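Take a look at the structure set out below.
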Amino acid sequence: AGLPERLAFGLPSNRVGAVFSWPGGVWAATDRTATTDAAFTFVGQELGEFKTMPGPSAVGTPFNQVRELAGQNRSLWAATDLGLGRLNPADGRVDLIDRGTGLPDSRVYSVVSRQGRITVGTATGLARVSDSLQVERLAPSYRDAVYSVFPFGDSVWVGTPAGLLLSLPGQANMVRPAG
2 AGLPERLAFG LPSNRVGAVF SWPGGVWAAT DRTATTDAAF TFVGQELGEF
52 KTMPGPSAVG TPFNQVRELA GQNRSLWAAT DLGLGRLNPA DGRVDLIDRG
102 TGLPDSRVYS VVSRQGRITV GTATGLARVS DSLQVERLAP SYRDAVYSVF
152 PFGDSVWVGT PAGLLLSLPG QANMVRPAG
């Protein structure tokens with residue numbers, strides 16, 4: 002009857018930058034180390050399934066560190082040190098949106114999927130990204146870090162070095178809530 006097939010078990014690295022709930026388990030994003038590339042690993046809820054997606058074999062994933070994950074439709078989105086990554090779990094392809102493709106900055110601190118939109122906070126501003134990877138800059142006069150985002154209707158609450166601010170539709174800059 003032969004030997005049982007060995008199961009792949011575990012993560013490629015112990016440096017887990019972000020975790021996100023997904024039907025049937027969770028996604029864990031591991032950071033690049035001296036011996037491993039950054040990767041996405043799906044961990045089944047019974048811990049019997051570990052499916053790692055390390056990016057293209059020649060170059061690996063196009064980033065070093067993942068700070069936060071979000072899911073929308075069939076895609077997993079990652080706030081990384083080198084841009085916003087979009088993983089297609091079906092084929093392992095990773096698209097990277099960065100400053101060169103319209104983000105305020107390639108250092109992405111936060112990503113949230115809410116109301117069918119992807120909203121990101123970067124080292125120098127706030128943006129929304131469509132499914133077709135089109136970037137819309139929000140509050141374009143604001144040029145400081147956005148550490149956390151919470152979209153609410155057409156507005157976005159943001160955590161910044163100056164405290165809690167609000168991005169309103171059509172406004173060039175953030176506003177501070179009264180009170």
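FYI, in my numbering the residues of the sequence shown are 2 to 180.
Where a beta carbon is used, it is the ideal one built from N, C-alpha and C, also for glycine.
A quick note: this is a predicted structure, and the numbers were derived from the prediction, not measured.
- Every beta strand (DSSP E) stretch that sits fully inside the segment 34-95 and reaches 3 residues is listed by chain position as 40-45, 51-54, 67-73, 76-81 and 84-88.
- Separation of Tyr143 and Gly101 (C-alpha to C-alpha, rounded to the nearest whole angstrom) is 19 angstroms.
- Under DSSP, Pro152 shares a beta bridge with Val157.
- Residue nearest to Asn89 within the set Trp158, Asn174, Phe151 and Trp28 is Trp28 (criterion: CA-CA distance).
- Within the same chain, and ignoring the five residues on either side of Trp78 in sequence, the residues whose Cβ sits closer than 6 angstroms to its Cβ are Ala71, Arg87, Val112 and Ile119.
- The Cβ atoms of Glu50 and Gly11 do not sit closer than 8 angstroms to each other.
- In the DSSP annotation of this structure, the continuous segment of the beta strand (DSSP E) that includes Leu166 starts and ends at Gly164 to Ser168.
- Close CB contacts of Gln116 within its chain, under the 7 angstroms cut and outside five residues either way in sequence, are with Pro152 (chain order).
- Under the three-state reduction of DSSP, Gly26 is assigned to strand.
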